[in-house]
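Student: Dropping a structure here in structure tokens format, bear with me for questions.
There are 2 protein chains.
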Amino acid sequence: MNRENLFVKIVLNAWELNIKRASSTIEGFTDDDLFTEISPGKNRVVYLLGHLTAVHDNMQPLLGIGERMYPQLDEIFVSNPDKKIKTLPPVKDLRANWTNLNEVLASKFHKMPVEEWFQKHSSISEEDFAKEPHRNKLSIVITRTNHLSYHWGQIMLAKK
Amino acid sequence: MNRENLFVKIVLNAWELNIKRASSTIEGFTDDDLFTEISPGKNRVVYLLGHLTAVHDNMQPLLGIGERMYPQLDEIFVSNPDKKIKTLPPVKDLRANWTNLNEVLASKFHKMPVEEWFQKHSSISEEDFAKEPHRNKLSIVITRTNHLSYHWGQIMLAKK
Numbered sequence: 002m003n004r005e006n007l008f009v010k011i012v013l014n015a016w017e018l019n020i021k022r023a024s025s026t027i028e029g030f031t032d033d034d035l036f037t038e039i040s041p042g043k044n045r046v047v048y049l050l051g052h053l054t055a056v057h058d059n060m061q062p063l064l065g066i067g068e069r070m071y072p073q074l075d076e077i078f079v080s081n082p083d084k085k086i087k088t089l090p091p092v093k094d095l096r097a098n099w100t101n102l103n104e105v106l107a108s109k110f111h112k113m114p115v116e117e118w119f120q121k122h123s124s125i126s127e128e129d130f131a132k133e134p135h136r137n138k139l140s141i142v143i144t145r146t147n148h149l150s151y152h153w154g155q156i157m158l159a160k161k
Numbered sequence: 002m003n004r005e006n007l008f009v010k011i012v013l014n015a016w017e018l019n020i021k022r023a024s025s026t027i028e029g030f031t032d033d034d035l036f037t038e039i040s041p042g043k044n045r046v047v048y049l050l051g052h053l054t055a056v057h058d059n060m061q062p063l064l065g066i067g068e069r070m071y072p073q074l075d076e077i078f079v080s081n082p083d084k085k086i087k088t089l090p091p092v093k094d095l096r097a098n099w100t101n102l103n104e105v106l107a108s109k110f111h112k113m114p115v116e117e118w119f120q121k122h123s124s125i126s127e128e129d130f131a132k133e134p135h136r137n138k139l140s141i142v143i144t145r146t147n148h149l150s151y152h153w154g155q156i157m158l159a160k161k
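Line by line, the protein sequences give chains A and B.
Using the working numbering, the first residue of the first sequence is number 2, and each one after it goes up by one.
Using the working numbering, the first residue of the second sequence is number 2, and each one after it goes up by one.
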């Protein structure tokens, strides 16, 4: 296995491992459990589920692998804090979005030619990328894996 | 910059960014704040501080860059859950261990020849590494960065 393949494999392995763990935690919650706050007065699990789905979905345009599938989640789960928007989508839909998106991303990630992971993502200019070549598509997945871990650690606190 | 250098840079950048953010959060806490639980009945911030220090310190033997500096932390912050061991080291020492270790690791990480990051870490056999070359030293830093993010997300909940 050449080095480029190896890098991609390390990064995707870490992503998938964390998605798997977070999914398993979320699946262990009843619909009622999803409305538990991770700590008194803080975000509810359902908010973090929608937030992670929206942020992960946004990797599609960032990595140039497709359009957003659930842009409607941004208003509720990214632009506004939890409890600001009173009416949430049905929990059933949020769960389905999460699962579906994970499958779509896994499939697209594995289809992406290795060389493409070393190209720039869509929110950096050609000029900046020439100076900072580490800001490539692979670095987006590393950053999002850390963001996922950050919120998964919080979601774990709502486990009974 | 060649691909190997680039990849090491991406991984170390992510590590340093998260260490910097977590340190800034911890420095923002008073000594009393450190004894706040991240959620009722859950770990106190001070436990997570000791836990992260111990786990990060353990990267030294894992990566072959030195002996443990604070092995005494394991008993209190890794082998046992929070509040099991009643007498903790002084907070001043725990803060100093964290800061000192971060500096030592940053320095050692930057001195490590790029090629060495692609060698096996000390807890995998030559035989397994031959089959799974992605389990190299660099993958340890990626895993530990995710672990750090996981607990940093929890520590953030104790912020006032």
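All C-beta atoms, glycine included, are put in the ideal place defined by N, C-alpha and C.
(1) Which residue comes first and which comes last in the alpha helix (DSSP H) that contains His-52 of chain B?
(2) Counting only Cβ-Cβ distances shorter than 9 Å, please list the residues of the stretch 131–154 of chain B near chain A, keeping chain order.
(3) Could you check if Thr-54 of chain B is buried or exposed, using at least 16 other CB atoms within 10 Å of its CB as the buried criterion?
(4) Under 8 Å by Cβ, that's how I've got Ser-124 of chain B and Ile-39 of chain A pegged, so tell me the actual separation to the nearest angstrom.
(5) Whose C-alpha, out of B:Asn-3, B:Val-47, B:Ile-11, is nearest the C-alpha of Lys-138 of chain A?
(6) Could you check how far apart the C-beta atoms of Ser-25 of chain B and Asn-103 of chain B are, in whole angstroms? I think they sit under 8 Å.
(7) I want to verify the contact list: residues of chain A whose CB lies under 7 Å from the CB of Lys-43 of chain B, in sequence order.
(8) Look at the alpha carbon of Lys-93 of chain B and the alpha carbon of Asn-44 of chain B, and state the distance between them as a whole number of angstroms.
(9) Curious, which full-length beta strand (DSSP E) runs of at least 3 residues does the stretch 98–124 of chain B contain?
(10) Three-state secondary structure (DSSP) at Glu-133 of chain B?
(11) Which residue from B:Ile-27, B:Asn-59, B:Ile-66 puts its Cα closest to that of Leu-50 of chain B?
(12) At a CB distance below 8 Å, what residues from the stretch 4–30 of chain B approach chain A? Give them in sequence order.
(13) If you draw a straight line from the C-alpha of Asn-98 of chain B to the C-alpha of Leu-18 of chain B, how long is it?
(14) Would you identify the three-state DSSP class for Glu-68 of chain A, choosing helix, strand or coil?
(15) Given a cut-off of 8 Å on the beta-carbon distance, is the pair Glu-5 of chain A and Val-79 of chain A in contact?
(16) Just to confirm, is the Cβ distance from Ser-150 of chain B to Ser-126 of chain A under 8 Å?
Tutor: For this structure:
(1) Here residue 52 of chain B refers to the residue found at position 51 of the second sequence. Residues 46–58.
(2) Pro-134, His-135, Arg-136, Asn-137, Leu-139, Ser-140, Ile-143, Thr-144, Thr-146, Asn-147, His-148, Leu-149, Ser-150, Tyr-151, His-152, Trp-153, Gly-154
(3) Here residue 54 of chain B corresponds to residue number 53 of the second sequence, with the count starting at 1. Buried: at least 16 other Cβ atoms inside 10 Å.
(4) Taking the first residue of the second sequence as position 1, residue 124 of chain B is located at position 123. Taking the first residue of the first sequence as position 1, residue 39 of chain A is located at position 38. The pair is not a contact, with the Cβ atoms about 32 Å apart (cut-off 8 Å).
(5) The count along the first sequence starts at 1 and reaches residue 138 of chain A at position 137. Residue B:Ile-11 is the option with its Cα nearest to Lys-138 of chain A.
(6) Here residue 25 of chain B corresponds to residue number 24 of the second sequence, with the count starting at 1. Here residue 103 of chain B corresponds to residue number 102 of the second sequence, with the count starting at 1. Their Cβ separation, rounded to whole angstroms, is 12 Å, which puts Ser-25 of chain B and Asn-103 of chain B out of contact at 8 Å.
(7) In the second sequence, the residue the question calls residue 43 of chain B occupies position 42. Here the neighbours are Leu-158.
(8) As a working mapping, residue 93 of chain B is identified with position 92 in the second sequence. As a working mapping, residue 44 of chain B is identified with position 43 in the second sequence. Cα to Cα, Lys-93 of chain B sits roughly 19 Å from Asn-44 of chain B.
(9) none
(10) Reading the second sequence from its first residue, position 132 is the one you call residue 133 of chain B. In the displayed model, Glu-133 of chain B falls within coil according to three-state DSSP, outside both helix and strand.
(11) Taking the second sequence and counting its residues from 1, one reaches residue 50 of chain B at position 49. Closest option to Leu-50 of chain B, Cα to Cα, is B:Ile-27.
(12) Arg-4, Glu-5, Leu-7, Phe-8, Lys-10, Ile-11, Val-12, Asn-14, Ala-15, Asn-19
(13) Taking the first residue of the second sequence as 1, we reach residue 98 of chain B at position 97. Taking the first residue of the second sequence as 1, we reach residue 18 of chain B at position 17. Straight-line Cα distance between these residues: approximately 19 Å.
(14) Counting from 1 along the first sequence, the entry for residue 68 of chain A is found at position 67. Three-state result, Glu-68 of chain A: coil.
(15) The residue given as residue 5 of chain A occupies position 4 in the first sequence. The residue given as residue 79 of chain A occupies position 78 in the first sequence. Cβ distance not < 8 Å, so Glu-5 of chain A and Val-79 of chain A don't count as in contact.
(16) For the purposes of this step, residue 150 of chain B is taken as the residue at position 149 of the second sequence. For the purposes of this step, residue 126 of chain A is taken as the residue at position 125 of the first sequence. Taking 8 Å as the Cβ cut-off, Ser-150 of chain B and Ser-126 of chain A do not qualify as a contacting pair.
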